[in-house]
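Those letters in the sequence shown? Residues 1 to 399, per UniProt numbering, in order.
Yeah, the Cβ is synthetic: ideal placement off N, Cα and C, and Gly gets one too.
Remarks on the structure that follows.
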Amino acid sequence: MTDEKARLAREISASVAAIEPQLIAIRRDIHAHPELGFDTLRTAEIVAAWLRDQGLTPQTGVGRTGVMVDIVGAHPGKTLLLRADMDALPIHEQTGLPFSSTIAGKMHACGHDLHTATLLGVAAILPRYRQQLNGTVRLIFQPAEETPESGAEAMIADGAADGIDWAVTLHNKPELAAGEVALTRGGSTASSDEFDVRVFGISTHAARPHMGVDPIVATAHLISQLQTLISRERDPAHSAVLTIGHIQGGATHNIIPDSCLLQGTIRTKSPQVRADMETSFRRVCAGVALAMNVRIEVDYLRGVPPLMNDDRLIDALETILSHQFARPIVAKPSDSFGAEDFSLFTERAPGCQIHIGSATPGRNDHLHNSDYQPDERSIAAGAQALTRLAVDLLTDNNH
1 MTDEKARLAR EISASVAAIE PQLIAIRRDI HAHPELGFDT LRTAEIVAAW LRDQGLTPQT
61 GVGRTGVMVD IVGAHPGKTL LLRADMDALP IHEQTGLPFS STIAGKMHAC GHDLHTATLL
121 GVAAILPRYR QQLNGTVRLI FQPAEETPES GAEAMIADGA ADGIDWAVTL HNKPELAAGE
181 VALTRGGSTA SSDEFDVRVF GISTHAARPH MGVDPIVATA HLISQLQTLI SRERDPAHSA
241 VLTIGHIQGG ATHNIIPDSC LLQGTIRTKS PQVRADMETS FRRVCAGVAL AMNVRIEVDY
301 LRGVPPLMND DRLIDALETI LSHQFARPIV AKPSDSFGAE DFSLFTERAP GCQIHIGSAT
361 PGRNDHLHNS DYQPDERSIA AGAQALTRLA VDLLTDNNH
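In C-alpha cells, the structure reads:
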C-alpha cells in the first residue's frame, strides 16, 4: 500500500470515529421508532435534517417517502449510487434493550436502522473530498424494501436511477464478525416470484368419489411433482427454492370440493434459472391437469429479479477496500435465497451488495428475529467502506 493510500485510510477512519457516537445515537432513535413500508416519514425527516446540517440539499418525497441527494465532485465523470433502506418489519421486539421499539408489533429486525445511520456517516464525510472527485455520488434513502410494493421501483420511477453508472448497497450480516467485509461474486440475493394455483374438479359426496373429480387428490399429486423440479431437474450448483406455503380446499368431512388453492414462492440466483423454473412450473401444472382430469389455472407473479454482483466492480472493490481495512476482504459465495429489491437498480447499472459483519460477541443472531441485537460497530465499518469506495472509484479513471 502506498503512503498516500495509507494516509487516506487513516484519515477516513479518524473522520468516521469522530462522528460514530452521533451515528449510533441516530440509529438508536430510529430503532426506537420503527416505521413500515412507505410510512417512513419520521425517519425521512431525520435523514433530511442531517443532510441539511452537512450543507447538502436533499430531495424529499422521492418514491413517495424516499430521500435523495447528489454530492457533485469538482470534475465531471461517472455517477455512483449508494443506497440505504429505511423501513422496519412487522415483528414485536423482544430484546429488552434500553432503546428497543416503542411501537408494538414493529421492529428493526433486519438492521435497516444501521444502514441508514451508515449512509448518513458517508454524507458527513464524503463532501470533504469533493475537489478530488471526478463525477457524482448519489445517496438514496429508500422506503419499502421489506414489502411486496417495492420502494426501489417507486424511487426509480421518480428518477433515482437516471444517469447512474454504478449502484452499490450494503447489508449487515450477523454471520460475520463485527466490521468484517464480504464481497460475493454472482448472485447475492435471489429473485422472488410468487404463484397462486387453483385446481378445479367437480364436487360430489365423499361416499361417491366416482361421481366427481377430486381436486384435493390432484393438488397432492401436483405438490409432489413440483418438488421434483428441484430434486431431479436442477443442477445443485445452480439450484432454486420452491416452497408451497398455503393450501386451501374443502370445508367439511364428507364433501369433495369443487376446487383447491395452493400458493407459494420460487427463488433463484440467476436470470436463466429464473426463466427455466417458470417454464418448468407451468409444464408440470399442465401435465397434472391432463393426467388427473382437472382444470388448473396458474397466476405466476414475477417479483424482484436476482441481485447479480458485477464481477469487474467486485474486482475493483476488493482492491479498494483492502486499502481501508487491515483484515482481508472475505470473498465467498452467498448461500442466501432471500430477496432484495436493490436488484432493480443493478438491472440498470453494474452494481453489487457489500456485506458488513454485525455479529455481537457471545450471541448467535439472525436477521428477521424478534431478539436481533447486531453489533453497532458495523455502522463505522460500513461508513468507512462506502466512503473509501466512492473516493477511489471516482478518482481512478481505470475503473
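Rank the options by C-alpha distance to the C-alpha of residue i and give the top, closest one.
i, options, result
"Asn-369", "His-108, Ala-331, Leu-139 and Thr-279", "His-108"
"Leu-262", "Leu-222, Pro-148 and Ala-383", "Leu-222"
"Ile-24", "Lys-78, Asp-70 and Ala-117", "Ala-117"
"Gly-303", "Leu-139, Ser-188, Glu-340 and Pro-58", "Glu-340"
"Arg-27", "Asp-113, Leu-80 and Leu-41", "Asp-113"
"Ile-140", "Leu-8, Leu-386 and Gly-96", "Leu-386"
"Leu-133", "Val-72, Glu-297 and Ser-231", "Val-72"
"Gln-22", "Ile-379, Glu-145 and Ser-343", "Ile-379"
"Leu-389", "Gly-338, Leu-321 and Gly-245", "Leu-321"
"Met-277", "Gly-37, Asp-193 and His-115", "Asp-193"
"Ile-230", "Phe-281, Pro-174 and Asn-364", "Phe-281"
"Gly-77", "Thr-147, Arg-208, Ile-266 and Asp-165", "Asp-165"
"His-246", "Thr-252, Thr-268, Thr-219 and Arg-234", "Thr-219"
"Pro-98", "Leu-393, Gln-373 and Gln-384", "Gln-373"
"Gly-61", "His-75, Thr-43, Thr-169 and Arg-208", "Thr-43"
"Gly-264", "Leu-301, Arg-64, Ala-275 and Gly-96", "Leu-301"
"His-115", "Arg-130, Leu-82 and Gln-131", "Leu-82"
"Asn-293", "Val-217, Asp-162 and Ser-336", "Val-217"
"Val-391", "Ala-74, Ile-46 and Arg-232", "Ala-74"
"Leu-89", "Lys-5, Gln-54, Ile-329 and Glu-145", "Glu-145"
"Arg-208", "Ile-255, Arg-232 and Ser-224", "Ile-255"
Are residue i and residue j touching if we call contact CB-CB under 8 angstroms?
i, j, result
"Ala-160", "Met-68", "yes"
"Asp-371", "Thr-360", "no"
"Ser-203", "Pro-257", "yes"
"Ala-178", "Arg-377", "yes"
"Pro-306", "Gly-151", "no"
"Ile-354", "Ala-381", "no"
"Ala-349", "Ala-84", "no"
"Glu-93", "Arg-327", "no"
"Gly-66", "Pro-143", "yes"
"Asp-299", "Asp-365", "no"
"Ile-266", "Val-199", "no"
"Leu-226", "Val-284", "yes"
"Gly-287", "Thr-189", "no"
"Val-137", "Leu-394", "yes"
"Gly-351", "Ser-259", "no"
"Lys-106", "Leu-56", "no"
"Leu-183", "Leu-317", "yes"
"Leu-367", "Cys-110", "yes"
"Leu-80", "Gly-163", "no"
According to DSSP, which residues form a beta bridge with residue i?
i, result
"Ala-84", "Phe-141"
"Tyr-129", "Paired residues: none, contrary to the question."
"Met-107", "Leu-89"
"Asn-134", "His-75"
"residue 404", "Outside the displayed range of the chain (1 to 399) lies residue 404, so it cannot be described from this structure."
"Gln-308", "Here residue 308 turns out to be Met, not Gln, going by the sequence shown. DSSP, once it has assigned bridges, lists Gly-187 as partnering Met-308."
"Val-330", "Ala-182"
"Thr-204", "Ile-256"
"His-366", "For His-366, which the question treats as bridged, DSSP gives no partner whatsoever."
"Glu-70", "Per the sequence shown, the amino acid found at residue 70 is Asp instead of Glu. Arg-138, per the DSSP bridge assignment."
"His-171", "His-355"
"Ala-177", "Ala-359"
"Ala-339", "Ala-190"
Which two residues bound the contiguous beta strand (DSSP E) that contains residue i?
i, result
"Arg-198", "193–200"
"Ile-266", "259–268"
"Gly-357", "351–359"
"Ile-247", "240–249"
"Glu-297", "295–301"
"Gln-59", "59–62"
"Leu-183", "181–183"
"Thr-189", "186–189"
How about residue i: is its C-beta nearer than 8 angstroms to some C-beta of chain C?
i, result
"Asn-364", "In the structure shown, chain C does not exist; there is a single protein chain."
Following the continuous alpha helix (DSSP H) through residue i, name the residue where it begins and the one where it ends.
i, result
"His-112", "112–125"
"Met-277", "271–292"
"Lys-5", "3–32"
"Ser-322", "311–322"
"Ser-224", "215–228"
"Thr-346", "343–346"
"Arg-388", "377–393"
"Arg-52", "41–53"
"Ala-152", "151–157"
Report yes if the C-beta of residue i is less than 7 angstroms from at least one heavy atom of the ligand GTP; otherwise report no.
i, result
"Pro-58", "By its list of ligands, the structure shown contains no ligand whatsoever, and the ligand GTP lies outside what it can speak to."
| Is there contact here, the region 298–316 with the region 211–218, by at least three beta-carbon pairs under 8 angstroms? | no
| request: Would you check if the region 99–108 and the region 19–32 touch, i.e. whether three or more CB-CB distances between them fall below 8 angstroms? | output: yes
| request: Kindly confirm or deny that the region 233–253 and the region 145–162 touch, where touching means at least three C-beta pairs closer than 8 angstroms. | output: no
| query | Do the region 43–54 and the region 116–132 make contact, defined as three or more Cβ pairs closer than 8 angstroms? | reply | yes
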